[in-house]
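These notes are about the structure you will find just below.
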Amino acid sequence: MDQETVRTICYLARLEIDQNKSEKIQKDLETIIELIGSLQSIDTSDIEPLYNPLEMTAFKHEDLVISDNKKNKFLKNAAESNEDYFLVPRVVE
Amino acid sequence: MSIQFKSITELNELLDNKAISVSELTQESIQLAKKYDELNCFVTLNEENSSKKASSIDRDKKNTSLLSGIPLAQKDLFCTKGLRTTCSSKILSNFIPPYSATVVEKLEDAGSITIGKTNMDEFAMGSSNETSFFGSVHNPWKKGFVPGGSSGGSAAAVAAGIVPAATGTDTGGSIRQPAAHCGITGLKPTYGRISRWGMIAFASSLDQAGPLARSAEDCAILLNSMSGYDSKDTTSLNSDVPNFLENINQSIKGKKIGIIKEFDLSGLDTEVQKRFDESKKAYENLGAEFIEVSLPNISASVPTYYSIAPAECSSNLSRYDGVRFGHRAENTDDLNDLYIKSRSEGFGDEVKRRILIGTYALSSGYYDAYYKKAQQVRRLIKNDFDQVFKSIDLLMTPTSPNSAFKFESKGTQNPVELYLEDLFTISSNLAGLPAISIPHGQVHSLPVGLQLIGNFLREDLLLNAAHVFQQNSDFHNAKPNLENFK
């Protein structure tokens with residue numbers, strides 16, 4: 000894993016790494032990738048992946064309105080909001 | 000009268016005999032939390048609301064449930080309505096949930112009193128509680144030593160006798176390993192047994208809530224209230240919940256316990272091996288039979304887990320963007336900059352490391368090689384368990400390869416060193432199986448745990464086997480000397 004790959008993953012994950020930590024992070028990631036790379040030696044041909052130990056599909060329930068409008072409660076946790084919306088820096092000029 | 004170190008059953012007796020009121024009990028529990036503040040097991044105390052609820056129970060005199068009036072601590076990743084819930088992360092350090100997790104609701108509906116929220120590894124990512132934004136938790140048995148993680152605050156609060164029981168979550172061992180390091184009992188139930196609704200997600204296909212207490216009996220009392228189908232969790236199991244206390248006293252004569260051939264214990268500390276052999280002997284004396292079994296793929300559990308868990312974490316933690324809740328960075332140029340700065344300031348190093356690994360494992364060109372491959376190996380591991388449980392009732396291993404270690408002594412140079420702490424616990428999460436850790440003596444003056452793994456939905460048998468062991472031993476009654484924490 001080179002510095003360029005680390006930079007790309009950081010961007011995909013929307014994370015910034017301190018300059019003084021980047022070498023250490025690169026080394027850590029290499030070590031972990033080496034660990035998970037060890038799985039390559041196991042023969043998994045014709046084995047279906049197991050994404051969930053219960054192997055069941057999600058339950059569906061009827062689409063009913065079951066609660067009151069909790070807009071204000073949810074807006075209260077935002078760093079910036081007005082009476083209707085979460086506020087973010089201007090996106091469209 | 001001190002309520003410290005009392006079990007739920009003992010506290011019930013005191014309440015029934017009017018030897019103590021619920022208000023007095025709650026107050027004393029909170030005072031203990033304050034007295035042992037230096038342990039750092041609580042992030043937030045719930046003093047005012049606890050007192051109010053205690054008074055109302057005293058007034059109504061409705062002690063109908065075994066949990067009525069019992070003080071409990073909740074791991075700080077269960078949402079608690081109106082009470083700060085941080086996941087021990089800077090990014091949620093100001094988050095006040097508008098609703099409570101199903102687990103919290105169920106326990107509170109049964110009459111228990113949430114006295115506070117316990118410290119943990121940030122977003123439950125860690126095995127030592129050292130990744131918390133709010134600082135490390137001390138092991139009550141030895142200052143400067145880790146309590147294990149990620150439910151380290153819950154385990155320390157129970158071990159110090161502040162509360163009789165607490166909730167935790169277990170994604171790769173996060174209930175069982177801290178229970179082992181702190182000398183208490185901790186149960187990770189079957190995946191789907193307990194609702195995950197309102198439980199802040201780390202790795203959704205592995206996360207499971209469970210109880211930590213001083214005994215298997217008290218774990219059973221909590222599990223009775225915590226379990227059950229919840230339509231709000233799409234992976235919740237719609238199956239009957241037995242009364243876990245009903246058969247807890249049954250003899251285990253003739254039960255077959257498997258010892259996993261692939262876990263070579265000869266490389267471990269000889270004292271860890273000795274405790275294991277002694278417990279094996281104790282189970283033989285209780286009538287159990289031991290059989291060596293093979294789970295050929297179990298050694299691949301650690302790399303499988305460290306591919307799947309970070310992948311799920313990178314997806315789950317993408318919701319923290321500084322917009323709707325949680326920490327938001329100041330002085331940002333545009334929306335993208337807001338995301339990047341809020342996340343970079345809000346997450347700690349271990350969380351960042353796992354998000355990056357997960358992002359890499361899920362990225363185009365690597366998905367098949369890492370994520371899909373790990374899910375295929377996961378099936379092989381589960382198939383191995385299915386096979387052995389055809390001929391045995393339980394599996395037995397040490398919970399952890401060693402007793403608790405010193406702060407900053409593991410994983411600082413190489414994170415994989417700390418990941419190997421989870422060697423014995425991870426496979427049951429991958430397969431969705433229930434497992435329990437019970438204290439079984441000490442190694443170098445610190446407690447160690449014995450792990451029993453059960454078949455799908457057999458928490459009843461795990462609790463039964465743990466309880467009869469505890470009826471015939473005294474390890475679970477050992478108490479740490481807390482003189483150094485006053």
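First to last, the sequence lines map onto chains S and X.
Per numbering that gives the first Met the number 0, the first sequence runs over residues 0 to 92.
Per numbering that gives the first Met the number 0, the second sequence runs over residues 0 to 485.
For every residue, glycine included, the Cβ atom is placed at its ideal position computed from N, Cα and C.
This structure is a prediction, so every number in the text was calculated from the model and none was measured.
Under the rule that 16 or more other beta-carbon atoms within 10 Å means buried, what is residue i, buried or exposed?
| i | result |
| --- | --- |
| X:Gly209 | buried |
| X:His466 | buried |
| X:Asp75 | buried |
| X:Tyr359 | buried |
| X:Gln412 | exposed |
| S:Tyr84 | exposed |
| S:Pro88 | exposed |
| X:Lys351 | buried |
| S:Val90 | exposed |
| S:Phe58 | exposed |
| X:Arg378 | buried |
| X:Ile425 | buried |
| X:Gly81 | exposed |
| X:Val442 | buried |
| X:Tyr190 | buried |
| X:Glu349 | buried |
| X:Ser436 | buried |
According to DSSP, is residue i helix, strand or coil?
| i | result |
| --- | --- |
| X:Gln375 | helix |
| X:Phe122 | helix |
| X:Ala164 | strand |
| X:Gly357 | helix |
| X:Ile29 | helix |
| X:Ala368 | helix |
| S:Ser80 | strand |
| X:Phe41 | strand |
| S:Gln2 | helix |
| X:Gly345 | helix |
| X:Leu183 | Looking at the sequence provided, one finds Ile at residue 183 of chain X rather than Leu. Coil. |
| X:Pro139 | coil |
| X:Pro210 | strand |
| X:Gly115 | strand |
| S:Phe58 | coil |
| X:Leu236 | coil |
| X:Ile193 | strand |
| X:Asp169 | strand |
Using only CA atoms, which one of the options lies nearest to residue i?
| i | options | result |
| --- | --- | --- |
| X:Gly453 | X:Phe406, X:Ser408, X:Phe484, X:Val387 | X:Val387 |
| X:Thr8 | X:Arg213, X:Arg353, X:Glu482, X:Ser298 | X:Arg213 |
| X:Ile488 | X:Ser298, X:Ile114, X:Leu394 | Limits of chain X in this structure are 0 at one end and 485 at the other, which puts residue 488 of chain X out of reach. |
| S:Leu86 | X:Leu337, X:Lys116, X:Ile247, X:Phe404 | X:Leu337 |
| S:Gln25 | S:Lys72, S:Asn51, S:Met0 | S:Met0 |
| X:Asp232 | X:Glu349, X:Thr101, X:Asp15 | X:Thr101 |
| X:Ser153 | X:Ala202, X:Ser87, X:Leu355, X:Met0 | X:Ser87 |
| X:Ser126 | X:Pro400, X:Pro479, X:Asn296, X:Leu222 | X:Pro400 |
| S:Leu34 | X:Ser300, X:Ser6, X:Trp196, X:Ser317 | X:Ser300 |
| X:Thr130 | X:Arg327, X:Gln469, X:Phe406, X:Glu416 | X:Phe406 |
| X:Ala373 | S:Asp42, S:Thr4, S:Thr7 | S:Asp42 |
Is the beta carbon of residue i within less than 6 Å of some heavy atom of the ligand GDP?
| i | result |
| --- | --- |
| X:Glu420 | The model on display carries no ligand, and the ligand GDP is accordingly not part of it. |
Kindly list, in the order they appear in chain C, the residues whose Cβ is closer than 7 Å to that of residue i.
| i | result |
| --- | --- |
| S:Tyr50 | As a matter of chain content, chain C is missing from the structure shown, whose protein chains are S and X. |
Whole-angstrom Cβ separation of residue i and residue j, contact assumed at under 8 Å?
| i | j | result |
| --- | --- | --- |
| X:Lys142 | X:Phe484 | 7 Å |
| S:Asn76 | X:Phe94 | 6 Å |
| X:Pro177 | X:Gly148 | 6 Å |
| X:Thr303 | X:Leu419 | With 8 Å as the limit, X:Thr303 and X:Leu419 do not qualify as a contact, their Cβ atoms being about 14 Å apart. |
| X:Gly486 | X:Arg274 | What the structure shows of chain X is the stretch from 0 to 485, and residue 486 of chain X is not part of that stretch, so it cannot be assessed. |
| X:Ile114 | X:Ala164 | Not confirmed; about 11 Å, so no contact. |
| X:Glu216 | X:Ile247 | 6 Å |
| X:Leu38 | X:Ala159 | 6 Å |
| X:Ala477 | X:Gly182 | 6 Å |
| X:Gly172 | X:Asp385 | Not a contact, Cβ separation roughly 21 Å. |
Checklist line | Unbroken stretches of the beta strand (DSSP E), 3 residues or longer, contained in the region 43 to 110 of chain X | finding: Along the length of the region 43 to 110 of chain X, whole beta strand (DSSP E) runs at least 3 residues long occupy 70 to 74, reported in chain order.
Next item on the list: Jot down the residue ranges of each uninterrupted alpha helix (DSSP H) in the region 395 to 481 of chain X, minimum 4 residues, whole runs only, in chain order.
Entry: If only complete runs of 4 or more residues are kept, the region 395 to 481 of chain X shows the alpha helix (DSSP H) at 414 to 418, 425 to 430, 458 to 470, in order along the chain.
Next item on the list: For the region 249 to 320 of chain X, list the alpha helix (DSSP H) runs that are entirely contained and at least 4 residues long, ordered along the chain.
Entry: Counting only runs of 4 or more, we get 269 to 284, 300 to 315.
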